[in-house]
Every structure is written in structure tokens, then in C-alpha cells.
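Chemist: Position in the sequence shown (from 1) plus 975 gives the number in the numbering used here. The beta-carbon is built from N, C-alpha and C at its ideal position, and this holds for glycine as well. Shown below is the structure under consideration.
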Amino acid sequence: MSAFSYEIDKAGIAVLTFDLPGEKVNKLTTPAMDELDRLLDELAADQQVKALVVRSGKPAIFIAGADIAEIRAITDATRGEELSRRGQSVMNKLEALPFPTVAAIHGACMGGGLELALACS
976 MSAFSYEIDK
986 AGIAVLTFDL
996 PGEKVNKLTT
1006 PAMDELDRLL
1016 DELAADQQVK
1026 ALVVRSGKPA
1036 IFIAGADIAE
1046 IRAITDATRG
1056 EELSRRGQSV
1066 MNKLEALPFP
1076 TVAAIHGACM
1086 GGGLELALAC
1096 S
């Protein structure tokens, strides 16, 4: 199941909703980051998109941050560095989009969620 979905209205405003299935909060898991990376490429290539709003599908939280259980499972520094670089690459891609971006924050916004918000214009 997808963690993200998006719609583009007639004015070219894309609304990207993050709603991690089966979780009370949105966490930036590796699969979620991979999906976000792919969707950012898709949105950047879509000439119809004039702006992007990133929002949460959760009622009381934007993004809780990285998946702490996933981080705890890292057993070597190389893997940790790889995940860190991967996350930064996705945030850089968000920051470099060719149109304005907005994080529509409601509720808590922690860790990587704050990074994502800061990567928006």
C-alpha cells in the first residue's frame, strides 16, 4: 500500500498527502522515502504542476520523523551513513523542485518532518 497520494487541481496545484498505512503517525521509513523520491520525480516532470502542497492524512500530526525502530536495527556505520545520505538526497530533490512548495503543517512536526518542511519554499 502507498504512503503517499496526490491530486492536481485545474489551477495546477498538486496536493501530496502522506498517510502511512496501519500507523497512528507518519514516519519517514525507507519505503516511504523511496516512494516520495519517485513521486517527486513524477511531479517535477509534470508540466501541469505549478505548485505543491505537502500535507498529512493523519488527524493530529504532520510527521513524527524517522522510523526509530528502523534506526535501532542499523548494525553498522556504513548502513547508517547510506540511509542518512538517502534521506538528504530526497530532501534536496524537494528543495530543488521547479515550482513553489508548501508544507501544510497541522499537529506535531518532528525530526525529519521538520527537515521536510524546511525543504519546502
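Which of the three DSSP states, helix, strand or coil, is assigned to Ala-978?
Modeler: Ala-978: coil per DSSP, three-state reduction.
Chemist: From the DSSP output, in three-state form, read off Ile-1043 for me.
Modeler: Three-state result, Ile-1043: helix.
Chemist: Can you list, in chain order, the residues of its chain whose CB lies under 8 Å from that of Leu-991, leaving out five sequence neighbours each side?
Modeler: Excluding residues within five positions, the ones whose Cβ falls inside 8 Å are Phe-979, Ser-980, Tyr-981, Leu-1014, Leu-1018, Leu-1027, Val-1028, Val-1029 and Arg-1030.
Chemist: Leaving out five residues before and five after Ile-1080 in sequence, what residues of the same chain have Cβ atoms less than 7 Å from its Cβ?
Modeler: Cβ neighbours of Ile-1080 beyond the five flanking positions: Phe-1037 and Ala-1092.
Chemist: Would you mind reading off the limits of the beta strand (DSSP E) that contains Thr-1053?
Modeler: Thr-1053 -> not in any beta strand (DSSP E); alpha helix (DSSP H) instead, spanning 1052-1070.
Chemist: What residue does the beta strand (DSSP E) around Leu-1118 start on, and which one ends it?
Modeler: An answer regarding residue 1118 cannot be provided, because it is not within the stretch 976 to 1096 covered by the chain.
Chemist: Using DSSP's beta-bridge definition, name the partner residues of Phe-993.
Modeler: Answer is Phe-979 and Ser-1031, bridged to Phe-993.
Chemist: Using alpha carbons as the reference points, say which of Val-1024, Val-1065, Ala-1071 and Glu-998 lies closest to Ala-1035.
Modeler: Answer by Cα proximity: Glu-998.
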